[in-house]
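Below you'll find the structure, written out as structure tokens, and then a few comments.
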Amino acid sequence: MRVTVIGAGSWGTTIAGILGKKNPVTLWVRREKLAKAIEHSRENAEYLPGMAVPETVTVTTDLREAASKMELLVMGVPSHQYRSVLEKAADYIPNDVPIVSLAKGIEARTLMRMTEVTIDILPTHDINRIGVLTGPNLAAEIAIGQPTASVIAMRDLEIASSLQNIFMTPALRVYTNEDVIGCEAAGALKNVMAIAAGMAQGLGFGDNTMATLITRSLAELTRLGVAMGGRPLTFSGLAGIGDLIATCTSQKSRNRTVGYNLGQGKKLEAILVETKEVAEGINSTRGVLDLAKQYEIEMPIAEQVGRVLYERVSPSDAVGVLMAREAKAEMEGID
Numbered sequence: 205m206r207v208t209v210i211g212a213g214s215w216g217t218t219i220a221g222i223l224g225k226k227n228p229v230t231l232w233v234r235r236e237k238l239a240k241a242i243e244h245s246r247e248n249a250e251y252l253p254g255m256a257v258p259e260t261v262t263v264t265t266d267l268r269e270a271a272s273k274m275e276l277l278v279m280g281v282p283s284h285q286y287r288s289v290l291e292k293a294a295d296y297i298p299n300d301v302p303i304v305s306l307a308k309g310i311e312a313r314t315l316m317r318m319t320e321v322t323i324d325i326l327p328t329h330d331i332n333r334i335g336v337l338t339g340p341n342l343a344a345e346i347a348i349g350q351p352t353a354s355v356i357a358m359r360d361l362e363i364a365s366s367l368q369n370i371f372m373t374p375a376l377r378v379y380t381n382e383d384v385i386g387c388e389a390a391g392a393l394k395n396v397m398a399i400a401a402g403m404a405q406g407l408g409f410g411d412n413t414m415a416t417l418i419t420r421s422l423a424e425l426t427r428l429g430v431a432m433g434g435r436p437l438t439f440s441g442l443a444g445i446g447d448l449i450a451t452c453t454s455q456k457s458r459n460r461t462v463g464y465n466l467g468q469g470k471k472l473e474a475i476l477v478e479t480k481e482v483a484e485g486i487n488s489t490r491g492v493l494d495l496a497k498q499y500e501i502e503m504p505i506a507e508q509v510g511r512v513l514y515e516r517v518s519p520s521d522a523v524g525v526l527m528a529r530e531a532k533a534e535m536e537g538i539d
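Using the working numbering, read the sequence shown as starting at 205 and increasing by one per residue.
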């Protein structure tokens, strides 16, 4: 299968490398300088140093060339760039080509998930062939072959099953799921919670705090995800609790790292200058809060993350607000 991967960040490059072991892959890179560096050294030293890019991966900055004769399109660009890049490629994408998004975010202006953005830009495309790859997938670990699992969510399970075999490796186990909404919502919502987890660690809190935060975060993202149309069981799987644990606890998680630095007292502007790749939670938190308001879902953790990010409230004050909330039943609103 001829595959096109659009986006050469750490995750896009990792997926290109995985797919390139079995298939010819074209990797679209936005910047000419980076494209030439990858082509010359067979390594993306900027985003994935030390990991070889297979010779089966062709690097280009030309979207027309990237989309030529492709049989699978993988969108590996961040959510805030997703629409603009896909719009530029739209004329070259056949209506029946499966499209798999790697992005975990909410578009701020429209509150759309990335598969919804895809449908918006490609209204004649087969909606059953538009999906998402998600789960506890830290690129640096997958790139070096550490065992993990992921989920391909797509309405057409026959297509999802065929893609499952393409993405599967001895170290990456891939499952299928037809709940596109739930899988995609979980991936976007957990980034907000990872910022909260990082703040807790930055403030010096221990394991009890982290366990509590992850558990209550799962309750929040499940409430909103189900209201959006996701299935409750999805949030207890790899796309939900699996991704939430990895993103909240790993030092490789960009969103957790942003939160940690906030908890240590750094200003957001300074953190952004130091952050090489996009931490989706920074852009998605506002959209998540708008969605919560739209669906009338209570999300106290996400609200406090928003106050820290956008209102410059201190993380310690945000924790105080959470701990002072009115007592209630544990399972309220999530059954």
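Where a beta carbon is used, it is the ideal one built from N, C-alpha and C, also for glycine.
Runs of the alpha helix (DSSP H) lying entirely within the stretch 332-370, each at least 4 residues long, are 343-347 in chain order. Taking all protein chains in view, the Cβ of M432 is crowded by 16 or more other Cβ atoms within 10 Å, so the residue is classified as buried.
Taking C-alpha positions only, I348 is separated from L376 by approximately 11 Å.
Comparing C-alpha distances from L306 to each of V261, L277, Q468 and P253 shows the shortest one belongs to L277.
Counting only the Cα atoms, L267 lies some 10 Å from L231. Distance from the Cα of K226 is smallest, within the candidate group L238, R206 and T217, for R206. Looking at the backbone, the Cα of A401 and that of T453 are separated by about 7 Å. Taken through DSSP and simplified to helix, strand or coil, V233 comes out as coil. Under DSSP, R377 takes part in a beta bridge, and its partners are A353.
The stretch 208-223 and the stretch 255-270 touch, with three or more beta-carbon pairs separated by less than 8 Å. Beta-bridge partners assigned by DSSP to I210: W232 and M279. Of the other Cβ atoms in all chains shown, 16 or more fall within 10 Å of the Cβ of S283; this residue is therefore buried. Inclusion of A343 and S457 in the CB contact set at 8 Å is not warranted, their separation being larger than that value. In the DSSP assignment, I323 is bridged to no other residue.
DSSP, read as helix, strand or coil, puts A293 in helix.
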